[in-house]
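Engineer: In this note's numbering, the protein residues as written are 661 to 779.
Let me give you the structure first, and then I'll get to my questions.
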């Protein structure tokens, strides 16, 4: 499997975020800031918050969000078993319409493992 899906996603995300933030829109900047701060340590640790973000993203069927939270989960040391259990809950809540997103999430997690040498 190619690591290009990770590099392509991160490159595009970074490029577009830079362009969007360069427009200096106060509301957009505050939303980005709120999103960043919501996933910092608090009463819940970062790992738990990322898993919650993964469930919500799965249910909402946002592939970009799923990829983002999968990578953050991977960085936090979440295991494949923990990710699969989390995705199973998202699929249960979201219904069968979520299954294509589950497939892409599984593929992305495999690419993360391959790229970061955890296979």
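Using N, Cα and C, we set each Cβ at its ideal position, and we do this for glycine too.
1) Are the beta-carbon atoms of residue 711 and residue 731 separated by less than 8 Å?
2) Using DSSP with H/G/I as helix, E/B as strand and the rest coil, what is residue 661?
3) Suppose you measure from the CA of residue 670 to the CA of residue 765; what does that come to, to the nearest Å?
4) Can you name, in chain order, every residue of its own chain whose Cβ lies under 8 Å from the Cβ of residue 776, other than the five neighbours on each side?
5) Is residue 717 buried or exposed, if buried means 16 or more other CB atoms sit within 10 Å of its CB?
6) At what residues does the alpha helix (DSSP H) containing residue 758 begin and finish?
7) What's the C-alpha gap between residue 674 and residue 706?
8) So, for residue 746: in the same chain, excluding its five sequence neighbours on each side, which residues have a beta-carbon less than 7 Å away from its beta-carbon?
9) How would you write the range of the alpha helix (DSSP H) that residue 685 sits in, first residue to last?
10) Relative to the alpha-carbon of residue 738, which residue among 760, 749, 772 has its alpha-carbon at the smallest distance?
11) Go ahead and pull the three-state DSSP assignment for residue 692.
12) Could you check if residue 726 is buried or exposed, using at least 16 other CB atoms within 10 Å of its CB as the buried criterion?
Structural biologist: Answer, in terms of the structure:
1) no
2) Here the model assigns residue 661 a pLDDT of 43, short of 50, so the residue's position is not dependable and the matter cannot be decided.
3) Roughly 15 Å between the two C-alpha positions.
4) Excluding sequence neighbours, residue 776 sits near 734.
5) Note on residue 717: 16 or more other CB atoms within 10 angstroms of its CB, so buried under the neighbour-count rule.
6) Taken as a continuous stretch (DSSP letters only), residue 758 belongs to no alpha helix (DSSP H), as it is neither H nor E.
7) 21 Å
8) 711, 714, 715
9) Unbroken run through residue 685: none, as it is neither H nor E.
10) 772
11) helix
12) buried
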